[in-house]
Structures are given as C-alpha cells and as structure tokens.
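Protein chains in written order, with the UniProt record's numbering: chain A, 1 to 763; chain B, 1 to 503. Here a beta-carbon is modelled for each residue, glycine too, at the ideal position from N, C-alpha and C. Note that the structure is predicted; figures quoted are calculated from it, not measured.
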Amino acid sequence: MAAGHDEAKGNGFVGWLPVLLSAGIFAFFLQFLPQIAAGDTLRVEWAWAPSLGVALSFLVDGLSLTFALLISGIGTFVLLYSNSYLAGHPQYGRFALYLFSFMLSMLGLVLSDNLIGLFVFWELTTLTSYLLIGFDNESPKARRSALQALLLTGAGGLAMLAGLILLGAVGGSFEISQLVPQAEAIKGSGLYVPILILILAGTFTKSAQVPFHFWLPNAMAAPTPVSAFLHSATMVKAGVYLMARLHPVLSGTELWFWTLTIFGAVTAVFTSVLSLRQDDLKQALAYSTLMALGTLTMLLAPSSGYAITAFATFLVVHSLYKAALFLVVGCVDHGTGTRDADLLGGLARFMPFTAFTAALAGLSMAGLPPFIGYIGKELIYANTITAGDAATFVTVMALAANALMFAVAGVVALRPFWGKRGDTPLEPHEAPWPMLAGPMVLALLGLAFGLMPLLAEVNFTTPTVAAILGDAEKAKHLHLWAGVNTELMLSLATFAIGGLLLALYRPVRRFLEAADAATPSFDNGWDNILDALYRAAKWQTGILQSGNLQRYLFTIFATFVVAVGGTLLLKDAVNLGVALDDMNSPRHWPELVLIVAAALVTASSRSRMLAVAALGVQGIAVALIFISFGAPDVAITQLLVETLVVVLVAVAMLSLPFLDERGKNDRRPKDMVLAVLCGVVVSAVLIGVLQGPLDLRLTDFFETTAAPEAFGRNIVNVILVDFRAIDTFGEIAVIVVAALSAYALLRTTDSSRDRDEEEEELS
Amino acid sequence: MSWLLALPILIPFLTAICAFFLRRTGWCRWASVIGSGVLLAVSLLLFATVLREGVVAAQMGGWPAPFGITLVADGLSAVMVVITAITALAVAVYASAEISERQVFLGYHALFQVLIAGVCGAFLTGDLFNLYVWFEVMLIASFGLLVLGGKKSQIDAGIRYVMMNLVSTVFFLTGVGFLYGMTGTLNMADLSLAVQQLENQSLLTVVAVMFMVAFGVKAALFPLFFWLPAAYHTPSFSVSAVFAGLLTKVGVYALMRAFTLIFVEDVAYTHQILLWVACLTMLTGVLGAAAQSDFRKILSFHIVSQIGYMILGLALYTPLALAGSVFYLVHHIIVKGNLFLISGVARRITGSTELSKMGGLYKSAPVLAFLFLIPAFSLAGFPPLSGFWAKFILIKAALEIEMWWAAGVALFVGLLTIYSMTKIWAQAFWEPHPEEIEPSLKSLSNFAQVALLLPIAGLALLTVVIGLNPEPFMDFATSAAGQLLDPSDYVQAVLGVTQGGTR
C-alpha cells in the first residue's frame, strides 16, 4: 500500500498542520457539550443569498453536536493516522487538503439549518469524496469507483435538491427550524409525496441503501483512512443525518414509516449476508457498514422514544467501532501487505496492540457486554418488539442482521489475530503509534461508554433524542442490565446464531460465494446503464450531427417551414382568398414567368455554370419588377450585383473547371419540394403583411428632413450616410473584413510549408 | 452619454485599425491587450451609469428615435458588454502567447477586435436592422478567424459555419422586412408600441416564429445547432474561447430582447415553443457531449446544452426565471470561455485534445488541474460555484410555477453534464499519459506560462467570487429581469415618452 515512496521522510509540516487544526475544531465543539446536554441549542446566521432564501445558518443541538464531535474527533485521528500511513507520499499535500476540506464540508452539512446551505455542503462532500476515492488516480478501478460514487450520489443529490426546493416552497422557508412548526401543513400538502420521494432519493443514495448500495464497497478503492472516515464513520451517514434532521418535519406518515422500514431492513439483512461472503477484510467492513446504515434508517422509521434512542446510541456505537476496525485493517495491511482473510492468522504475537484494539472494537461490534455495542443492540430490540404492525418483520430482520454482524466481527477482529499463523507477503510488524492511537482511543471509548452508560446518555443520546423528537423526556435510559426480558432473550439468540455462523465460517462463505455468483450483480447493472446511455448518446448524435452539410441545411429550412408554416395554419393568420383575387391583374406575368422558368433551370440543370446564369436571369427579372414600381436606383443596384456575381462565379469556374459538373444528385427532388414550401410560406406571410396598411412615418420624415436638415436631395443617400450612418459603417466594416479574410485565405492556402511549421510549433 | 454608449463599439474598431497597421511588429498583440483593457474600463463605466441611472439611450447622428438609430443600454445590455470586455481582455492576453506570428501578420488581432466590436454593437443597438448589421459584422469576422489557420479542416469548418449562419441571416432579414411592412418602424422600443396597435395579431405571431428560427440558428438551439459542433473544435484556442463565450450568447441575447420587448402578444404560444425547444436543446446537447471523446468537442456540445438553460429561463417567463437566464448568461461566458483556454494549455503540454491521447496532467501539472477543476465543476453545477446558483435559480423558478418536467430535464441534464466533465477529468488529468510523458507547465516559456495562465486564473477567480458571494449578482440579475419584463423604462429612455396603455 505504502510502497513506492519514502516513508522515512514523513510529510513534515503539511502532515501535522491538519491534525492540529482538526484537534482544535474538536476542542471547539467540545466546549458546547455541557450547554447542549443541559437542553440548550445555539443558532448563528449570516446572510448569503437572502433574495433566494439561502443563508449560512448553523444550529448546534444534540443531533448536530453529536455528529460534529464524531466528525472532528474521528477526523483528528484519521489525519494523524494518514500522516504515518501515507508517510512520504508525493501527493500527501493534496490528500490532506481533500480530507480536511471534506471534514469542513461535513461539519457544515450537519450544522446547517438552511436546507440549501446544507445542500451546498452535501455536494462538497460528494466532490471531495470523488477526489479521495480516485486518489490512487492511475488505477482504473479507483477512477471507475470514484465516478460511480459521484454519479450515483450526484443523481440522488439533484433529485434531493428538487425536493428541498419544494419543501421550502411548501413550508415557506428554507430554515429547518422554521419548517418544524409547519410539519402538519407540509404533511397535509399535495406535494408531500413528491417531496418525500425526492429527498429520500438523495438520502438513500448517499447512505447507500439497497438498491443503491453498490457504490460503497467500490469506494473502498480509496486509501484506508479515507474509507474509515468518509465511507464508514461520517459521509455515508449524511443521508441518515438528513432523515433524522427532517424527522420532525416529514415523519409520522404511513409512507415514511414503511419506506424507511422496508428499505432499511432489507439493506441491513441483504448486506450483512454479503459482508460474510467477503474475503477482503476491508470489503467485509464496507458491507457491514451498509448493514449499519440500513439499521439506522430502519430506526428512524417510527417516532417512538425507543427507536430514536436506539438510533442515537447505535450511531455513536457504530462510528466508534467501525472507524477503529477500518484503521485496524489498515494497520494489518500496512504490517503484513495483505487484507485477505484467508492469508491472515496469528498476528497477535507480532501486532499485540493492534490485536488488542481489534478485540475491543470487535466485541463492541458483536454486541457483547460490557461494551456500548451491547446496549445499542438491546435498544434496537426494545424498539423492534414495540414496533406495532411491523414488529415481527423488523424483529426478525434485526435478529438476522445482528447475528450476521456477530459473525463478521469474529472474522474481521478475531480470526486474523488468533489461531495458526498465516502466509503474509510481508513479515508482520506492529504499526507505529500514530496509527495505533486513533483506533485504540475509539475502541476504548466503546468500552468506557459501555461501563458508564450514563456518560453517553447525558451527553449524546438524550440530547439527540430531544433534537429529533423535540422532547428530552421521550429519551430512554441506557443500561447494561435491564433484567431478564425479551431483549435479553433476543441477544442470546443473536450470540448463538452468530457463533454458529462463525464456527461454520468456511462452508457458509463457500455457499454464499456460489449464491452470489449465481445472482445478477448490481455493479454489472450499473455498467449496463452507463453503456446504454453512451450508446444512446452516440446514436442520437450520429443522427443529428451527421457531418453532412446538405442535411444540416435541409433540416434548418425544414424547421423554418414547419415552424412558420405551422404557425400560419394554426393561427389562421392570412386570408389567402382575398390575395388570390388580386392576382388577376396580368401586369407582372412576363416577369413572373421569367422568374419561375429561371428557377426551374437553376434547380434542374446539370451544369453549375448554367445554374448560375439562370440565377442571374432571375435576379434581372426581379430588377424589372423594381423598375415597374418606380424604384430605378434599387433596380440598378440589383442589376449590378447580379451581373457581378455571375461574372465572378463564371471566372472562378473557368479556372476550376471541375466545379461546373454537378454530380448526379438524388437529393434534388426532396430539396425542390422543400424549396417550394419555403417559397409558399414566405409568400403567404408577405401577402398577409401587404394586407395591412403601410405606415409611412419614417418615409415621410426622411422626405421632409433630408433636404432642409441633412442637406441632401437624394433621400437614399441621406439615409445611408446620415440617418442610418451606423448601418453603413457596419457594412463597410463587413466588406473590409471580407477582403481581409479573403487575403488571409489566399495567403494561407498556398503556403503549406509555413503551416507545417506551425503544426510543429503547436505540438 | 452619447459617447459612453458608442465607445464600446468604437474602441474595438480603433484597436482593430491599430492592430492591423502594427501587424508586422511585436506591438500588435499589445495593441489588442490595451484596447481590450480600455474597453473593459469604458464598459464598467457604462455599467455603473446604468446601475445609477437606469436605462440610458443615445440617438446616433442626433436624429430622434425612431428615425435615426438609437444605442441603448439597460441592465442586460450593460452586463453583456462588460462580460464581453472581460472575455476580450482574457483572450487578448492569452492570444499574445498562443497566436503565431504568421496569423498575427494575416490580421488575427484586427479580426478579433472587429468581432468584439460586432458583439458590443449587437448588445447595444436599439434598432432591429442595425442588429442585423452587427450580426453580419460578427459573421464575417468570425469566418475570417476560423479560416485564418489555413488548415483544410479549418476551412471546411469555416464554410459550414458561414453557410448555416447565412441562412439564419436571410431569415432574419426577411423577418425585419415583414415587421417593417407591418409597423413602418425598425426601432425596437417603437416596435414594442407599434405591434400592440396591429389588427392582425396572429400574423405577428407568425413573424415572431420566423425570428425565433433566425435567432435560434444563431443561438444554436435544437434542431438548428449543427454549425456549432461542426466548427468550434477547429480554430486556435483563443478563437474558440471567444466564440464559445460570446457568439451564441448574442443569439440568446437577441431572443431575450425580442421575446420580452416585441413579441409578447401570444406568450402562451411562443414561449411554450421556446420551452420545448429549451428542453430538447439541453438534452440533445448534453447527449452529444457524452458521445464525444475530444476535449474541445465535449465543450462545444456543452455550449448547446447550456444555451438550453438560458432559453428555459426566457420560456418560463417569470421574474425569477429571467433573472436566472441573466445569471446563467454571465456565469456561462466566464466559465465556458475559460474551459476552452484551458484545453489549449492542455493541448500544448500533452500534444493533443483527443482524450485518448492525453493524460498525466493531474500528476505533473497540478496547477492546471486545479484551474480546470474550478470551471469544470462550476459548469457541472457544483456548489458553491457560480454554476450552482445559475442552475438553482432556474430550477427553483421552474418548480415555483409547477413546470415539473422542465425542472426534471434541467436536473437530469445537470447529471449528464457531470458525467461528461468527469470524462475529461478522468482521461486527460487522472489517467497516465499513453506515451508515458509527464506533461508539465515548465515546458512552456516563462512568458507563455504567465500569458496563458493569468487569464485562466482570473476567470476562475470570477466564478468563485460569484459563487461565494451571489447576492449582488442576483440582485442585479433581478433588476435586469425586471427591466425586461416591464420595458416601460426602456421605451421611455429611447423614445422619451412614457409607454401608453397596458401590455
């Protein structure tokens, strides 16, 4: 893992600075603990984008403070750990920057009272997570996993944004603390269902509930401290956090209860089965994290004191033991060169401190007394057996998940350290103290809270329950011994089943591997989705951006005909009947015949020269019409232009004879139809325009002012050089630039030598 | 006042003339840089004036509107001119290190400045026919810039570009003719009053659709955008950056102007079409980007997709939505131009813009990687960068008037934008270079490093500043949108009379 860089050199200042900063942040939050434990809350607010209802407002209450302490506390240890784990890594500076930015974003997320502020931090955690999963950027697997996590949580995040905007619109504010009093109105609103679904889309993807779970195990491509911090203890709990935060606003409906119960329970059981199947210790832990996320989701479904107390307890329990175990696995990887469960064994002799830490954390994970994990499990059962309609279902699911966790705890925390010595790539050696300090403190805390449950209760669980349920009285007590009751029986059953699974570990795993191989994988499904998307994009682009200029022009003209002609018909804008009556006057028939005939020749002739000539005839016919309407100067201009164009094109063709021959073109009939349609549409609009009265204000003004005020008798000239001089100025610029471009074009095309030079210069 | 409105057009023209005569000397590029700097100063002055006094207008040649040509700046025009000047300055500095002496000799800087003049003219004119003239100026100048390199692919692209844009110009001119025939005026403020007096309002709708098609080609809307992806990946990077930032935005601006000032007689019909077109533009553009494997081609298709967002704001036609469009315009120009500039640096040090032939930038050019990440994620709509707010405002606006599917499309396209931006990131930055070279900025001369990276860093800083402090920008966008929705100030500034009747 740490190979390829100079470990002895260390990371110096860059390594220690973030550790100190985050320790300072932890201390900062710690000072609020007595006040929050006493039932107070704090709120600060800075305006950010008030016209959009967005503020930087932060709320410190039991729920957010618990999270903030977990984030900054574990963050400090993880940064300390990373400094040794990635000692001397050439990109450690970036790593520490990402990790520290992540920590700040995560703190912002849990402290934000403003929904959009929260979303901003939410997206920042997604972004930093992307950079961290892809930290090993030259590995294709890391890149793929990073993208997968980004897109999946990004998709959920965008859905959630819509949900949050709607929630703010319905509740009249983006401040969560102001939404809580509106809870009944929000739940009664017609938008409640979409709001809930959209927000849960965000929380379920972020907290990796089935069927969105698969990104999380893949995210283990990140360095182990990242996995411990982001993808176990903190970031993946952001979804759970938001559900807890919005619990007072959105919970209490059937939809809420059953959605969270079913998704949570299925996630917990399904992933704990998968967890037992893994041979990579880190993967096993990743799946067991999914189990915890499922359980936490399930616990948020009801609104009872038991459920929320269990939620608060299990949240702390899991963060402590899981971060510790991930870091332990990192130590094992660091000390032995492998994380393969089959290769590891008997490490306790070589890595006694690691083994001790693993044992402490593992016992808490297994839910054995006197660890806080035991209390957490008891509370979960206390909740499930009182869960009303769902009691049987959730109890069975919780029992299954807990028993499996018991077995996984054995696999991860015991098997590598005890028994026969395995065959490891490196000679096992103990990790340095900065890598041991964090996991050991976290694991010991699990024991301390177990022995002194009041400590956890007063400081964390009761304030959290108060924040979620709005009433500290609803919080349940934490104790190791509650007498002989159903919960105790369920615990014993958990240990029995879990022990059995552990004893039968190898056959069970073989069975699970076979079953897993036989079922379709979510990960492949993801690939198929991306692949389909890519192919759809390719297909669509192939049709639209075909590269064929004629087709492009056809589409543009066709769009014109459909849009303008369609509107004409739809709006019945022109009375064509009247217009056709006017056509009876034969005055312009000769010109019209000439124009139509010339157009037909242009379109059908095989010779381009002939086509151009015919086009010229057409232009001259138009000039004749101008003359008949008493506009000789316009007619003269038209004649000049037509003549010049024909002459110039003819000269060009004489020197480039191959231009003359038009290839056999089967597009022509289609083009001809389109051309006729274009002509019909424009003519129809023109007829409509001519039916209205002509407003001659401008002409009158020009006629009366040209001579006396602008001192010119030729009105057209005065318009060009005075009334509308800027137009003329622009047109002169057009001509100059056209000449410049033509010059450049002529100069560049005949000097391929220079071009090659330039090519070289660029590359 | 008169001069202040004319200067943003005159300064680039004068700069163009200087640059042309200095084109054999090293002073040429500095003329371009200094001219752009002066333009920025003047445009900021204009912007400040508009902020202070509201809509300002100047009658060119002293002929009263609607008889002469009026230049007019409201909030939207003023901000567009400022952003044009910012882009011009950034690109002029960048070009000083990119453009070869040969292209400078052939008039690169002169063409570039004429283009800027055309863009400023389009934003400032209050006359429909004059707008057409500026379109032509832009078209011919951009054609010159496209073919300046003289490579076959560039000339080919130039011809496609010009053909399709000429068609749009013809539609535009026909539309102007029709509108003049119906109302007898070309002044846009005057038009906004005259069209209300028309008996045949449905004919006006037909002409409105005609303008929609004409401007739609310019703005690269679905299904009229083909010219853009066909051309933008071929010229020099400076050119593609200024095209990407400004050209289509003139089309968007024209649509916003015409469909708030003149064609508002049948919003239920015209803006409904715009809504469909906006969504299809977003979708087809981003799918096009997802299908590409070239740095600049991906960026080009993204332009199309993002035009859709801006038109979405216009189509929704609420104060918030239009403010979103204005915000999006500003954000987009800053970010998109910058990404093209970055692609140029990446090309210089990796040797290609084809993603499969790029790589290793993250490891050995971390500064560039960092500078890419900011606009890239801003474009993808990540907070707290400007793109997030732009998208947020539009989606909020859509949801507020219960346009569920439009909001849904906007969100989905956001996701696909992330997908295609990460494609660039993963392949050009994360993946090692296929030829195992380690691209580094150190391979550039000191001058090139400064001249290429300074504009990139400056534009990146702008997107961060807007992102972190969106309120003043939002305030401004709201007031600009207010002026668009209620053009009485605009009309009064131009015609000197208060607008009669209700709209």
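Going by beta-carbon coordinates alone, are A:A47 and A:A55 separated by less than 8 Å? The count along the first sequence starts at 1 and reaches residue 47 of chain A at position 47. The count along the first sequence starts at 1 and reaches residue 55 of chain A at position 55. Cβ distance < 8 Å, so A:A47 and A:A55 count as in contact.
Just grab the DSSP bridge partners of B:I69 for me. Your numbering for residue 69 of chain B matches position 69 in the second sequence. Its beta-bridge partners are B:M60.
Return the residue from the list B:S32, B:A73, B:A290 and B:V252 that minimises the CA-CA distance to A:A537. Position 537 of the first sequence holds residue 537 of chain A. Residue B:A290 is the option with its Cα nearest to A:A537.
Could you work out which residue in B:Q197, B:E98, B:H109 and B:G245 is closest to B:P12 when comparing CA atoms only? Locating residue 12 of chain B in the second sequence gives position 12, where the first residue counts as 1. For B:P12, the closest C-alpha among the options B:Q197, B:E98, B:H109 and B:G245 is that of B:H109.
Starting from the Cα of A:I732, find the closest Cα among B:V137, B:V465 and B:K423 and give me that residue. Taking the first residue of the first sequence as position 1, residue 732 of chain A is located at position 732. Taking only the C-alpha atoms, the option nearest A:I732 is B:V137.
Would you list, in sequence order, the uninterrupted alpha helix (DSSP H) runs of no fewer than 4 residues that lie entirely inside the stretch 211-251 of chain B? As far as the stretch 211-251 of chain B is concerned, its whole alpha helix (DSSP H) runs of at least 4 residues are 227-231 and 237-242.
Could one say the Cβ of A:L740 lies closer than 8 Å to chain B's Cβ atoms, at least one of them? Along the first sequence, read from residue 1 onward, the residue named residue 740 of chain A stands at position 740. Cβ-Cβ to chain B under 8 Å: yes for A:L740.
Neighbourhood of B:C18 by C-beta distance below 6 Å, restricted to the same chain and skipping five residues each side: Taking the first residue of the second sequence as 1, we reach residue 18 of chain B at position 18. Its chain contains A31 as the residues whose beta carbon lies nearer than 6 Å to that of B:C18, once the 5 sequence neighbours on both sides are disregarded; these appear in chain order.
Would you say B:W63 faces chain A, with C-beta separation under 8 Å as the test? Your numbering for residue 63 of chain B matches position 63 in the second sequence. So yes, B:W63 belongs to the interface.
Determine the extent of the alpha helix (DSSP H) in which A:R608 is found, giving its start and end residues. Numbered from its first residue, the first sequence carries residue 608 of chain A at position 608. In this chain, the alpha helix (DSSP H) harbouring A:R608 covers R608 to S628.
So that I know if they touch, is there some Cβ in chain B lying closer than 8 Å to that of A:A51? What you label residue 51 of chain A is simply residue 51 of the first sequence in a count that begins at 1. Sequence inspection shows Ser at residue 51 of chain A; the Ala mentioned does not correspond to that position. Residue contact with chain B for A:S51: present (Cβ-Cβ distance below 8 Å to some residue of chain B).
What's the gap between the Cα of A:I116 and the Cα of B:F412? For the purposes of this step, residue 116 of chain A is taken as the residue at position 116 of the first sequence. For the purposes of this step, residue 412 of chain B is taken as the residue at position 412 of the second sequence. Answer to the nearest angstrom: the Cα atoms are 19 Å apart.
Since B:W430 meets chain A, which of its residues come closer than 9 Å, beta carbon to beta carbon? As a first step, residue 430 of chain B must be located in the second sequence, where it is residue number 430. Against chain A, the beta carbon of B:W430 has neighbours under 9 Å at G134, N137, E138, A142, R143 and A146, listed in chain order.
Taking contact to mean 3 or more Cβ pairs, one atom from each stretch, closer than 8 Å, check whether the stretch 156-164 of chain A and the stretch 388-403 of chain B are in contact. Cβ pair count under 8 Å is three or more, so yes.
Using a 10 Å radius around the Cβ and a threshold of 16 neighbouring Cβ atoms, would you call B:W430 buried or exposed? The count along the second sequence starts at 1 and reaches residue 430 of chain B at position 430. Residue burial is scored here from C-beta neighbours: B:W430 has at least 16 other C-beta atoms within 10 angstroms and is therefore classed as buried.
Among B:M474, B:G458 and B:Y362, which one has its Cα closest to the Cα of A:Q91? Working through the first sequence from its first residue, we reach residue 91 of chain A at position 91. Looking at the Cα atoms, B:Y362 is the closest of the given residues.
Which stretch, first to last residue, makes up the beta strand (DSSP E) that contains A:R43? Position 43 of the first sequence holds residue 43 of chain A. For A:R43, the enclosing beta strand (DSSP E) begins and ends at L42 to A49.
Just checking: is the beta-carbon of A:G190 within a distance shorter than 8 Å of some beta-carbon in chain B? Position 190 of the first sequence, counted from the start, is the residue given in the question as residue 190 of chain A. False, the Cβ-Cβ gap to chain B never drops below 8 Å.
Suppose contacts are defined by Cβ-Cβ distances below 8 Å. Is B:G288 in contact with A:T541 by that definition? As a working note, residue 288 of chain B is residue 288 in the second sequence. As a working note, residue 541 of chain A is residue 541 in the first sequence. Cβ distance < 8 Å, so B:G288 and A:T541 count as in contact.
Span separating the alpha-carbon of A:G376 from that of A:V458: Taking the first residue of the first sequence as 1, we reach residue 376 of chain A at position 376. Taking the first residue of the first sequence as 1, we reach residue 458 of chain A at position 458. Spanning the alpha carbons of A:G376 and A:V458 requires a straight line of approximately 15 Å.
Residues bridged to A:S112 by DSSP? For the purposes of this step, residue 112 of chain A is taken as the residue at position 112 of the first sequence. A:S112 is bridged to A:F58.
I'd like to know if the stretch 203-223 of chain A and the stretch 125-144 of chain A are in contact, where contact means that at least 3 CB-CB pairs between them fall below 8 Å. Segment contact: the stretch 203-223 of chain A against the stretch 125-144 of chain A, three or more CB-CB distances shorter than 8 Å; contact assigned.
Cutoff 7 Å; reference A:R509; Cβ partners in own chain excluding five residues on either side: Working through the first sequence from its first residue, we reach residue 509 of chain A at position 509. Answer for A:R509: L276 and R277, listed in chain order.
Assuming B:S238 and B:I349 make a contact with CB atoms under 8 Å, what is their CB distance in whole Å? The residue given as residue 238 of chain B occupies position 238 in the second sequence. The residue given as residue 349 of chain B occupies position 349 in the second sequence. B:S238 to B:I349, Cβ: 17 Å. No contact.
Helix or strand or just coil, what does DSSP make of A:M1? Here residue 1 of chain A refers to the residue found at position 1 of the first sequence. Legend: pLDDT at A:M1 = 40, less than 50; position of this residue unreliable, no value from coordinates given.
Where do the N-terminal and C-terminal ends of the alpha helix (DSSP H) with B:W430 fall, by residue? The residue given as residue 430 of chain B occupies position 430 in the second sequence. Counting along the chain, B:W430 falls outside any alpha helix (DSSP H), and DSSP gives it neither H nor E.
B:N187 - partner residues in DSSP beta bridges: If you number the second sequence from 1, residue 187 of chain B lands on position 187. DSSP, once it has assigned bridges, lists B:D127 as partnering B:N187.
Assign B:Q272 to one of two classes, buried (16 or more other C-beta atoms within 10 Å of its C-beta) or exposed (fewer than that). Mapped onto the second sequence, residue 272 of chain B falls at position 272. Exposed, since its Cβ has fewer than 16 Cβ neighbours within 10 Å.
Cβ pair count under 8 Å reaching 3, the stretch 453-466 of chain B against the stretch 296-306 of chain B: No: the two stretches stay apart, fewer than three of their Cβ pairs being nearer than 8 Å.
By the 10 Å Cβ neighbour count, where 16 or more other Cβ atoms means buried, how is A:G172 classified, buried or exposed? Here residue 172 of chain A refers to the residue found at position 172 when the first sequence is read from its first residue. Per the 10 Å Cβ criterion, exposed.
Just the chain B side, please: which residues come within less than 8 Å of A:D572 by C-beta, in chain order? Here residue 572 of chain A refers to the residue found at position 572 of the first sequence. Near A:D572 (Cβ distances below 8 Å), the residues of chain B are S202.
Note down the Cα distance separating B:A16 from B:G149, rounded to an integer number of angstroms. Locating residue 16 of chain B in the second sequence gives position 16, where the first residue counts as 1. Locating residue 149 of chain B in the second sequence gives position 149, where the first residue counts as 1. Distance between the alpha carbons of B:A16 and B:G149: 19 Å.
Give the single residue among A:M440, A:T259, A:V266 and A:G188 whose Cα lies nearest to the Cα of A:I199. Numbered from its first residue, the first sequence carries residue 199 of chain A at position 199. With distances taken between Cα atoms, A:I199 lies closest to A:T259.
With a Cβ-Cβ cutoff of 8 Å, do A:Y130 and A:P225 count as a contact? For the purposes of this step, residue 130 of chain A is taken as residue 130 along the first sequence, with counting starting at 1. For the purposes of this step, residue 225 of chain A is taken as residue 225 along the first sequence, with counting starting at 1. No.
Tell me which residues share the same chain as A:S288 and place their Cβ nearer than 7 Å to its Cβ, disregarding the 5 neighbours each side in the sequence. Working through the first sequence from its first residue, we reach residue 288 of chain A at position 288. For A:S288, the CB contacts under 7 Å within the same chain, skipping 5 residues up- and downstream, are S272, S275, M405 and V408 in chain order.
Just to confirm, is the Cβ distance from B:L385 to B:G467 under 8 Å? Here the question's residue 385 of chain B lines up with position 385 in the second sequence. Here the question's residue 467 of chain B lines up with position 467 in the second sequence. Yes, the Cβ-Cβ distance between B:L385 and B:G467 is below 8 Å.
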